[in-house]
Amino acid sequence: MRLDKFICKSTELSRSEARRAIAAGEARVNGEPVTHEAAQVHENNLVTLAGQRLVPRPFRYLMMHKPTGTLCSNVDGVYPSLFRWLDIDRPDELHIVGRLDADTTGLVLLTDDGRWSFTITRPEQHCAKVYRVGLRDPLAEQTAARFAQGLLLQGENKPTQPARVEASGPREALLTITEGRFHQVKRMFAAVGNRVVSLHREQIGGIRLNVPPGQWRPLSQAEIDGV
Ligand code: URA
37 MRLDKFICKS TELSRSEARR AIAAGEARVN GEPVTHEAAQ VHENNLVTLA
87 GQRLVPRPFR YLMMHKPTGT LCSNVDGVYP SLFRWLDIDR PDELHIVGRL
137 DADTTGLVLL TDDGRWSFTI TRPEQHCAKV YRVGLRDPLA EQTAARFAQG
187 LLLQGENKPT QPARVEASGP REALLTITEG RFHQVKRMFA AVGNRVVSLH
237 REQIGGIRLN VPPGQWRPLS QAEIDGV
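Take the working numbering: the last position of the sequence shown gets the number 263, and nothing is skipped along the way.
Put into structure tokens, the structure is as follows:
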């Protein structure tokens with residue numbers, strides 16, 4: 037972790053205050069003064085600021101039920117940021133793991149542990165995401181085979197990874213994908229001549245959404261370890 041971030045995570049200092057303290061020569065790593073804010077420090081390093089040993093707060097891991105008409109962004113835009121629903125200390129330290137469109141609802145994971153979020157989002161992990169998809173037309177018979185084979189999305193030249201889809205209602209399907217391309221679900225159904233009219237994420241890896249819209253809760257250790 038960067039030294040300025042380490043200091044923010046162990047004190048009440050803002051990023052700019054931490055940088056000023058580093059530039060002023062107040063930070064030491066394993067006894068040596070470090071004046072470079074981006075210097076990498078490890079949890080095991082002895083980091084002091086003005087002679088005080090710093091111990092970072094533990095990482096945080098949350099699930100949130102994203103309501104419709106909210107943005108997966110730290111700031112408001114055309115719609116309000118979902119951080120408005122997050123009544124928690126230092127929300128700006130958290131980032132979203134796998135964004136959803138403004139009109140998509142469901143499971144969003146938030147953390148300040150970059151290594152954990154990378155584990156979930158790196159393509160080689162093939163982390164399964166389950167979506168409940170409302171469709172304009174009933175699920176066509178060939179769609180499951182086409183999704184299982186992988187298909188080309190408009191403007192791309194690499195087929196999608198094999199995905200599983202099954203009907204869960206007359207115009208509803210459960211889709212499992214292991215990637216996170218831009219607007220992937222909507223574009224997959226567009227590629228087979230259908231149209232997504234509602235989209236809801238139910239699950240990421242072993243983590244299942246179980247809080248009402250607009251609510252959040254910390255993840256259990258089993259959920260954190262099990263993705
Ligand atoms: N795929 C989409 O098209 N939209 C989302 O919000 C998530 C996946």
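We treat Cβ as the ideally placed atom computed from N, Cα and C, and that holds for glycine.
Asked                                                                                                 : Found
Reduced DSSP category for residue 251 - H, G, I as helix; E, B as strand; rest coil                   : coil
Supposed contact pair residue 101 and residue 233 - C-beta distance, whole angstroms, cut 8 Å         : About 20 Å; that fails the 8 Å criterion.
Option nearest residue 79 by Cα separation, candidates 129, 86, 90                                    : 90
Helix, strand or coil at residue 240 according to DSSP, with G and I counted as helix                 : strand
Length at least 4, wholly inside the region 178-246: the alpha helix (DSSP H) runs in chain order     : 179-185, 220-227
Delimiting residues of the beta strand (DSSP E) encompassing residue 147                              : 141-147
Option in 46, 177, 207, 169 with minimal Cα separation from residue 220                               : 169
Terminal residues of the alpha helix (DSSP H) in which residue 55 lies                                : 51-59
Contacting residues, own chain, Cβ-Cβ under 6 Å from residue 74 (five flanking each side not counted) : 38
Whole-angstrom distance between residue 105 and residue 131, CA atom to CA atom                       : 19 Å
Residue range of the alpha helix (DSSP H) that includes residue 262                                   : 257-262
Residue 173 CB to nearest heavy atom of the ligand URA below 7 Å                                      : no
Option nearest residue 41 by Cα separation, candidates 66, 93, 69, 88                                 : 93
Check whether residue 174 and residue 207 have beta carbons under 8 Å apart                           : yes
Distance between residue 120 and residue 138 (C-alpha atoms, nearest Å)                               : 14 Å
Around the ligand URA, Cβ to any heavy atom closer than 6 Å, ordered along the chain                  : 136, 137, 140, 219, 220, 221, 222, 235
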